[in-house]
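See structure below.
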Amino acid sequence: SEEGVVFQSHIDGSRHMISPEVSMQIQKSLGSDIVMAFDECPALPATKEELRTSMELTLRWAKRCREVELQEHQQLFGIIQGGLHQDLRAECMERLQEYDFSGYALGGLSVGEKNEEMQEFCQDFVPKMPVDKARYLMGVGKPLDILNGIKNGLDMFDCVLPTRNARNGQFLTTNGPLNIKKERFKADSGAPDPHCSCRVCSRYSRAYIRHLYSVGEYLAGQLISFHNLHFYLEMTTNARSAILEDKFDEFYDSFYKSYSSNLWV
């Protein structure tokens, strides 16, 4: 509704109204460095009329969020909605700039559209975003999607993929995803990723971690999560260095070739 969104507690089933103002107060109390404006994220596919209605609600909520005083160190980001329609997104972005947010996020992507559609949209739209503000792509986090985002001019990303996939037994490696549940790794003494220097790959074998996973030991998910987060940190650190050295295209091509080899399939 115009007032906000009703959420149901997963603990006791109680219902709670979260308004833009309540959302701001929660993030303020948490001391978040980056505070996200309250928005509506419509699932795709959706009609253009539905997307416009959602966008208008997001803009009204953004104004209410901007009126809440935050802590001095906190930065408020606005969220651009509008589906895959360039004109709706451009209008939303232009109207959000009236509130002079510290950064602008692309929301409502990777919510049902094809990956190719998302990439094509970002390639066309991101260059139109303010160059003096942070550019944030929300909820998108596959390794190649992040590098494509960087290539298109995006600065920030978030995703649960490194830990969610870890809980399901998937390592993200230099040569593509590795599913540790496979029988072929039962007696494999090799490191999960031979090219990785993290403490998991330095100390434990694929066979050992497969054993942990097969008996339901939580340590398996923890070790894979540690590696996957290290993998992302290394990838983005190397991407940053390549940009500073004006060699990003070379880095991208090398990473893409290696990761797409899918050695472990």
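Those letters in the sequence shown? Residues 743 to 1007, by our numbering.
For each residue, glycine too, the CB sits at the ideal point set by N, CA and C.
Between the alpha carbons of Met977 and Arg941 lies a distance of about 16 angstroms. Annotated three-state conformation of Gly963 is helix, per DSSP.
By the CB criterion at 8 angstroms, Asp775 and Gln817 fall inside the cutoff. About 4 angstroms separates the CB atoms of Pro904 and Asn970; that is less than 8 angstroms, so the two are in contact. Take the alpha-carbon of Ala804 and the one of Ala779: they are about 6 angstroms apart. The bridge partners DSSP lists for Tyr878 are Ala847 and Met898. Asn910 counts as exposed, since fewer than 16 other beta carbons sit within 10 angstroms of its beta carbon. Here the C-alpha atom of Gln912 lies approximately 20 angstroms from the C-alpha atom of Phe899. Under the three-state reduction of DSSP, Asn970 is assigned to helix.
Looking at the backbone, the Cα of Phe819 and that of Ile985 are separated by about 25 angstroms. Per DSSP, the continuous beta strand (DSSP E) segment holding Met759 begins and ends at Arg757 to Ile760. The Cβ atoms of Leu830 and Arg794 lie closer than 8 angstroms to each other.
Taking the Cα positions, Gln750 is about 41 angstroms away from Trp1006. Between Glu862 and the set Ser796, Ile966, Pro885 and Gly891, the nearest pair of CA atoms involves Gly891.
DSSP, reduced to helix, strand and coil, places Gln813 outside both helices and strands of the structure shown, so it counts as coil. DSSP places Gly911 in the coil class of the three-state scheme, outside both helix and strand. In its chain, beyond the 5 residues on either side, Phe927, Lys928, Ala929, Asp930 and Ser931 have a beta carbon closer than 7 angstroms to the beta carbon of Ala949. In the DSSP assignment, Gly918 is bridged to Thr915. Collapsing the DSSP output to three states places Leu818 in a strand.
For Ile776, the pairing in a beta bridge is given by DSSP as Gln817.
For Val748, the enclosing beta strand (DSSP E) has its first and last residue at Val747 to Gln750. For Thr979 and Lys989, the gap between their C-alpha atoms comes out near 13 angstroms. Around the beta carbon of Tyr846, a 10 Å sphere encloses 16 or more other beta carbons of the protein chains shown; the residue is thus reported as buried.
Rounded to whole angstroms, Gly883 and Gly824 show a C-alpha spacing of 20 angstroms.
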